[in-house]
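Numbering (the working numbering), first residue to last: 128 to 400. For every residue, glycine included, the Cβ atom is placed at its ideal position computed from N, Cα and C. Below is one structure, written out as structure tokens; the observations come after it.
And the structure:
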């Protein structure tokens, strides 16, 4: 079996939410380069259309289409599903990447920050997946299942919220929900896995990654001494979505440069040295 068979996605159809920027944009490019038709959706449809134009200009074997899609409300999810159905009757790959955050000190963290963040990051993710199940079932086979990739965060695994209480809790929920769905959907020839990224350059992390100096400072605190790159997301997506990942479900891929295994100070360090 050659590399193209393992990781190529010719003829596949994918939906990437939050596909205009950051990790979604990185994933979309990888999928297009691998031959997939990629539907890009985000609240800002014009941005997705612009990204689709950029991706189509690469001359890759796949193609991209961009449009508006909001997973923050049930009505928005319904509208997004209707739009997807205009382009395809089956869906091989669903990447639930759309997400928002909210940061504030503990004493000032507002009640509304919970509803807003959980609606997009968890409820919207679940609702969209649920409503696209017929299209995913239509695409999946025992030998080549349909794929759902949910974007969590290392902040959903480690106690490092830094004021993003609802965000961190939502990403922990995404990771656990992915495992539940993996168990329930395996019999339908659908795999469900999640990514737990560390720091990547994105609109959400712009406050800390907007220039090379800031990225270097952030990278110094990562065990592998850098922030994430496009190819880190690309590699994960091509593995999980290609034939090479057909037997993997319920996994959490820690794309975090080692943050997922960081530990605090060794309490016996002084005694040992």
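Just curious, the alpha helix (DSSP H) that residue i is in, first and last residue?
i: residue 364; result: 357-368
i: residue 258; result: 252-266
i: residue 154; result: 149-160
i: residue 130; result: 130-134
i: residue 137; result: Per DSSP, residue 137 belongs to no alpha helix (DSSP H) and is neither H nor E.
i: residue 244; result: 239-245
Taking the C-alpha atoms as reference points, what is the distance between residue i and residue j?
i: residue 138; j: residue 190; result: 10 Å
i: residue 243; j: residue 226; result: 10 Å
i: residue 385; j: residue 281; result: 10 Å
i: residue 277; j: residue 302; result: 8 Å
i: residue 183; j: residue 175; result: 12 Å
i: residue 214; j: residue 346; result: 40 Å
i: residue 396; j: residue 389; result: Its pLDDT being 49, under 50, residue 396 is placed unreliably in this model, and the value from its coordinates should be taken loosely. One C-alpha to the other measures close to 16 Å.
i: residue 165; j: residue 379; result: 23 Å
i: residue 240; j: residue 257; result: 25 Å
i: residue 135; j: residue 162; result: 7 Å
i: residue 342; j: residue 153; result: 17 Å
i: residue 169; j: residue 334; result: 21 Å
i: residue 369; j: residue 254; result: 25 Å
i: residue 197; j: residue 177; result: 17 Å
i: residue 179; j: residue 289; result: 34 Å
i: residue 195; j: residue 210; result: 9 Å
Give the range of the beta strand (DSSP E) segment to which residue i is assigned.
i: residue 342; result: Residue 342 -> not in any beta strand (DSSP E); alpha helix (DSSP H) instead, spanning 339-347.
i: residue 418; result: The structure shown does not extend to residue 418, since the chain is modelled only from 128 to 400, so the question has no answer here.
i: residue 168; result: 164-169
i: residue 144; result: 140-144
Thinking C-beta only, is residue j closer than 8 Å to residue i?
i: residue 401; j: residue 252; result: Residue 401 lies beyond the range of the chain shown here (128 to 400); nothing can be said about it.
i: residue 403; j: residue 208; result: Here the chain has residues from 128 to 400 only, and residue 403 is not among them.
i: residue 279; j: residue 295; result: no
i: residue 248; j: residue 298; result: yes
i: residue 373; j: residue 157; result: no
Exposed or buried, residue i, counting other C-beta atoms within 10 Å across all chains shown (16 or more means buried)?
i: residue 202; result: exposed
i: residue 336; result: buried
i: residue 326; result: buried
i: residue 324; result: buried
i: residue 173; result: exposed
i: residue 339; result: exposed
i: residue 376; result: buried
i: residue 317; result: buried
i: residue 354; result: buried
Exercise. List in chain order: all unbroken alpha helix (DSSP H) runs of 4+ residues lying wholly within the stretch 275-326.
Key: 292-312
Tell me the start and end of each unbroken beta strand (DSSP E) in the stretch 180-225 that is at least 3 residues and wholly inside, in chain order. You should have 190-195, 220-223.
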